[in-house]
Amino acid sequence: MLIAFTDGRRRVCGPCTGHGDPYACPRCASPRSYTVRGLCDRCTLQDELDAVLGPAAEAPDGQYARMRTALAECDHPRTALNWIRNSYSGRLLASLAFTGRPLTHDDLETLARSGTRGDAQTIDYLREVLVAYQALPERDELPARIERHLARVGERRPEHALLLRPYVRWSLLPRARRAAHRRAGLKHRIRWAYTRINLAAAFLTAMRERGLALADVTQHEVDAWLASGPGTHYEVRDFVVWAARRGHSRDLLVPHRPKADPEGLDEDSHWEFLQQCLTDTALPLEVRTAGAVLLLFGQHVTRIAALPADALATVDGHTVLILDRTPIRLPEPLALLLTKLTRQEPPGGWAANSPRRWLFPGTRPGRHLSSTVLARRLTAHCIPVRPARTTALVQLAQDLPPAILAPMLGLHVITAQQWRRRAATDWTAYLEARRGEPVGRQATR
Ligand SMILES: [Zn+2]
Ligand SMILES: [Zn+2]
21 MLIAFTDGRR
31 RVCGPCTGHG
41 DPYACPRCAS
51 PRSYTVRGLC
61 DRCTLQDELD
71 AVLGPAAEAP
81 DGQYARMRTA
91 LAECDHPRTA
101 LNWIRNSYSG
111 RLLASLAFTG
121 RPLTHDDLET
131 LARSGTRGDA
141 QTIDYLREVL
151 VAYQALPERD
161 ELPARIERHL
171 ARVGERRPEH
181 ALLLRPYVRW
191 SLLPRARRAA
201 HRRAGLKHRI
211 RWAYTRINLA
221 AAFLTAMRER
231 GLALADVTQH
241 EVDAWLASGP
251 GTHYEVRDFV
261 VWAARRGHSR
271 DLLVPHRPKA
281 DPEGLDEDSH
291 WEFLQQCLTD
301 TALPLEVRTA
311 GAVLLLFGQH
321 VTRIAALPAD
331 ALATVDGHTV
341 LILDRTPIRL
351 PEPLALLLTK
361 LTRQEPPGGW
371 AANSPRRWLF
381 PGTRPGRHLS
391 STVLARRLTA
401 HCIPVRPART
411 TALVQLAQDL
421 PPAILAPMLG
431 LHVITAQQWR
441 RRAATDWTAY
451 LEARRGEPVG
461 RQATR
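Its first residue numbered 21, the sequence shown is counted upward by one per residue in the numbering used here.
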């Protein structure tokens with residue numbers, strides 16, 4: 021800041037006249053403190069960390085010491101400072117450090133199970149920060165959350181524990197573990213497991229109210245229960261199949277949930293939406309890119325939100341998007357947009373302090389944008405989330421055999437086959453007409 025004049029009336033800054041910068045940090049001389057003679061954010065953060073972690077951080081190489089170092093070096097000290105001072109999880113960390121006991125995932129889990137759901141959320145948030153800042157190793161979230169949910173249901177319905185526990189241990193958990201090495205879509209898979217546990221409990225409760233143990237239930241009661249409830253009741257199939265196979269029940273039948281006929285966008289609006297995503301600079305960049313991937317490749321929003329940063333790659337000089345290990349060559353306009361997205365400043369908060377791992381970084385440490393938030397943003401800009409998926413699927417289905425199509429889109433092979441058959445009857449003529457037209461064309465009517 022030029023605050024003074026020399027004898028020759030030239031404007032100079034304070035230090036040049038021999039006065040120190042009053043806004044410089046008195047400890048590290050960084051020019052960025054907010055108050056005269058106040059410490060800068062980073063020095064304040066270091067003091068705060070010392071106060072909060074206290075003697076716990078003194079053991080060199082201890083978990084608190086690692087966390088202290090990593091946090092003190094983060095890119096945006098103000099974010100960390102706000103978190104420590106103002107958040108529930110920050111205060112929880114202070115009280116945990118105060119006990120002087122080493123922190124473990126198991127202790128946090130015990131704490132999470134003993135409190136309310138809100139407490140558990142605070143603890144899970146703290147866990148994410150502890151993992152992101154190296155105080156704790158990563159853990160498999162999915163099995164841990166499933167166990168926690170089972171424990172909660174078991175408290176409410178202890179009479180079902182004898183059936184639910186082996187169902188979860190030997191059927192749900194192994195399947196969840198097999199999927200657990202893929203971090204993407206964690207929330208979706210947690211909900212998948214919770215739904216199955218809840219429905220199994222609801223089914224057992226309904227039968228018990230009729231005075232029936234599972235072994236006595238007949239097909240008649242199953243049908244009546246399915247017919248009386250919402251369509252989600254069909255998801256009890258997973259439990260019923262397991263119970264029958266293990267000899268806990270008679271041979272009971274639950275059909276797959278009847279699905280409504282998929283509804284596609286009509287072809288013109290599909291191309292118009294795509295055109296808008298590729299060219300409309302008034303839309304936020306993440307809406308344009310996510311929308312274009314959705315419309316072109318029919319990817320589910322949960323998958324788009326969880327795309328890692330290295331899903332965008334260059335192969336033989338072409339920009340590709342790697343969807344489930346399959347590199348797909350991108351049309352030029354979308355390649356440019358996605359490249360721009362990766363160079364964009366991450367959103368505020370924790371994301372700014374984490375190494376960039378996701379195409380769509382979220383505001384929580386090390387996490388991608390949640391699919392709910394992404395879907396809401398797309399919808400807010402009039403990009404239809406579900407019908408768009410249908411249309412793009414139909415188009416992809418034209419060119420790919422189901423065995424390749426299915427894993428790429430996260431579909432069951434049978435479903436992929438059905439899509440393909442539908443595509444063959446409805447869309448051949450349309451695709452014929454479109455063949456050879458570049459993606460970036462102007463929409464015409
Ligand atoms: Zn100067
Ligand atoms: Zn300083």
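Ideal Cβ placement from N, Cα and C applies to all residues, glycine included.
Predicted model only: the values in this text are computed from it and were never measured.
Between L234 and the rest of its own chain, which residues show a CB-CB distance below 7 Å, the 5 nearest in sequence each way excluded? L183, L224, M227, A263, H268, S269
Provide the residue span of the alpha helix (DSSP H) that contains L467, from first to last. There is simply no residue 467 to check, as the chain begins at 21 and stops at 465 in what is shown.
Would you identify the three-state DSSP class for H180, choosing helix, strand or coil? helix
Roughly how many whole angstroms lie between the Cα atoms of V335 and Q141? 41 Å
Alpha-carbon to alpha-carbon, S109 and L305: 32 Å
Check the C-beta distance from L272 over to Q239 and give it rounded, since I have them as a contact under 8 Å. 6 Å
Pull up the distance between the alpha-carbon of H320 and that of S391, whole angstroms please. 9 Å
Among all the DSSP beta bridges, which residues are the ones paired with C48? In the DSSP output, where bridge partners are listed per residue, C48 has none listed.
First and last residue of the uninterrupted alpha helix (DSSP H) at V473: The displayed coordinates of the chain run from 21 to 465. Any statement about residue 473 would go beyond what the structure contains.
Going by Cα to Cα distance, which pick from P275, R88, E241 is closest to T252? P275
Flag L59 as yes when its Cβ comes closer than 7 Å to any non-hydrogen atom of ligand 2, and as no otherwise. yes
With 16 other Cβ atoms within 10 Å as the buried cut-off, status of R396: exposed
Nearest-angstrom Cβ-Cβ length linking L389 and V307, presumed shorter than 8 Å: That pair is no contact at about 11 Å.
Measuring CA to CA, which of A355, R387, P353, R323 is closest to V405? R323
If we call anything under 8 Å between Cβ atoms a contact, is A196 one with R209? yes
Tell me the rounded alpha-carbon separation between A312 and R211. 27 Å
Within the stretch 206-249, note down every full alpha helix (DSSP H) run reaching 4 residues or more, in order along the chain. 206-229, 239-248
Does the beta-carbon distance from L343 to L315 come in below 8 Å? no
Given a cut-off of 8 Å, decide if L112 and E68 are closer than it, judged by their beta-carbon atoms. no
Near ligand 2: S107 beta-carbon under 7 Å from a heavy atom: no
Helix, strand or coil for C402, going by three-state DSSP, please let me know. coil
Under 8 Å by Cβ, that's how I've got T309 and L361 pegged, so tell me the actual separation to the nearest angstrom. 5 Å
With DSSP as the reference, label R31 as helix, strand or coil. strand
Buried versus exposed, by CB contacts within 10 Å (16 or more), P385: buried
Does ligand 2 have a heavy atom nearer than 7 Å to the CB of C94? no
Where A333 falls: helix, strand or coil (DSSP): strand
T383, enclosing alpha helix (DSSP H) - first and last residue: T383 -> no alpha helix (DSSP H), and no H or E assigned at all.
Measuring CA to CA, which of L246, S50, R189 is closest to P163? R189
Measuring only from the beta carbon, is S115 closer than 7 Å to any heavy atom that is part of ligand 2? no
Selection from L356, E255, L192, S191 that minimises the alpha carbon distance to A222: E255
Terminal residues of the continuous beta strand (DSSP E) containing V340? 338-343
Would A329 and R266 be called neighbours here (beta carbons separated by less than 8 Å)? no
Any heavy atom of ligand 2 within a distance shorter than 7 Å of the CB on C15? As shown, the chain starts at 21 and ends at 465. That puts residue 15 outside it, with no answer to give.
Where in the stretch 67-128 do unbroken runs of the alpha helix (DSSP H), each at least 4 residues long, occur, reported from the N-terminal end onward? 83-92, 97-106, 108-119
Assigned secondary structure, P353 (DSSP; H/G/I helix, E/B strand, else coil): helix
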